[in-house]
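One structure below.
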Amino acid sequence: MLCYPDRRTALRATAAVAAGALTAACGTGGAGPSAPGPVRPAPAKPAPAAAPAPRRFPGQPVEIAHGPRDRPKVALTFHGNGDPAIARAVLAEAEKAGARVTVLAIGTWLDEHPDMARRILDGGHELGNHTQRHLAINSLPEAEAEAEIAGCAERLKRLTGSIGTWFRPSQTQYASPLVQKLAQRAGYPHVLSYDVDSLDFTSPGAAAVIRTVTGTIHGGSVVSLHFGYADTVDAMPPLLEELARRELRAVTTTELLTP
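First residue of the sequence shown? That's 26 in our numbering, and the numbers climb one at a time after it.
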């Protein structure tokens, strides 16, 4: 037992012993536990591309079936529906050839495969509205037809920040005056039709799809094609080769109409 000459000395010694114990517990350096380094924020991810908003083309009718005939450009437009694996294969074939396409997506398809919206835009393609459930829109009552357009527009906006670049009516080549009016009310200045129907949805075989398109296509043409059909995937490489041979470039519909 240690003896100290007075109470003050004893208290100082006790404090010194306690401090030594704390130093031993926290480390030999006597500075306590090392402070954590600065927290570095994770690098910001680049913002994904947003779908452009619809635009008005002065001098063009409300319903557009083709672009200027004096330009060596065509627009390949796809109804967005069906197996997403086939859709990705079609997009990949277009991208290999440096082509850009326009996809008019069905709302229920976007509900089932929301990642496809991003895949289309990230590939440099264009995305638009082909109604919510792909019903015969010209035959629907006004309120139901309006809901078909608005429903798909809402999904596009939620997924991409925009209602999409174009509206195409479902189960018809041409929109009725009422559907044209409803599309404009929803924010689409133009309705997108087409002047070349590939008939790929009838599964006629890739060779027949190529013959149908190349037999009727001209500068400025808008071609109707579909996701969801293997014939379309098989037809893409030779079709794009033939377009290149004719010096026709496959571009988005917006590019087709832009001087």
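Think of the CB as a built atom: it goes at the ideal place given N, C-alpha and C, for glycine as much as any other residue.
Keep in mind the model is a prediction, meaning the values are calculated, not measured.
**Prompt:** E171: buried (16+ other C-beta within 10 angstroms of its C-beta) or exposed?
**Reply:** buried
**Message:** Below 8 Å, how does it come out for the stretch 224–232 and the stretch 195–213: are there three or more Cβ pairs, yes or no?
**Reply:** No, they do not touch.
**Request:** Could you name the residues of the same chain whose beta carbon sits closer than 7 Å to that of T257, not counting the 5 residues immediately before and after it, in chain order?
**Result:** V115, D225, V234, L250, H251
**Message:** Between L281 and K98, how many whole angstroms is the CB-CB distance? I'm expecting something under 8 Å.
**Reply:** 5 Å
**Prompt:** Is T283 buried or exposed, if buried means 16 or more other CB atoms sit within 10 Å of its CB?
**Reply:** exposed
**Request:** Please list, in chain order, all residues of the same chain as T239 whose beta carbon is under 6 Å from its beta carbon, the five residues on each side excluded.
**Result:** E267
**Prompt:** Using the rule of at least 16 other Cβ atoms within 10 Å of the residue's Cβ for burial, across every protein chain shown, is E151 buried or exposed?
**Reply:** buried
**Item:** Strand pairing of H104, partner residues [DSSP]
**Value:** Under DSSP, the beta-bridge partners assigned to H104 are L129, H251.
**Request:** Using alpha carbons as the reference points, say which of H104, R271, G253 lies closest to G153.
**Result:** H104
**Prompt:** In terms of residues, what are the limits of the beta strand (DSSP E) holding G276?
**Reply:** According to the sequence as given, residue 276 is Val; it is not Gly. Start and end: 274–276.
**Request:** Please confirm whether A231 and A260 have their CB atoms less than 8 Å apart.
**Result:** Going by C-beta atoms, A231 is nearer than 8 Å to A260.
**Prompt:** Touching or not, the stretch 174–190 and the stretch 76–94, by the rule of three or more beta carbon pairs under 8 Å?
**Reply:** yes
**From G123, I89, P86, T102, residue whose alpha carbon lies closest to that of D222** = For the residues G123, I89, P86, T102, the minimum Cα distance to D222 belongs to T102.
**Local Cβ density within 10 Å of S246, reported as buried at 16 or more and exposed below that** = buried
**Asked** Start and end of the beta strand (DSSP E) containing G153?
**Response** 151–154
**Request:** Write down the C-beta distance between G107 and G253 rounded to the nearest angstrom, noting that I regard them as a contact closer than 8 Å.
**Result:** 2 Å
**Request:** Look at the alpha carbon of R270 and the alpha carbon of A100, and state the distance between them as a whole number of angstroms.
**Result:** About 16 Å.
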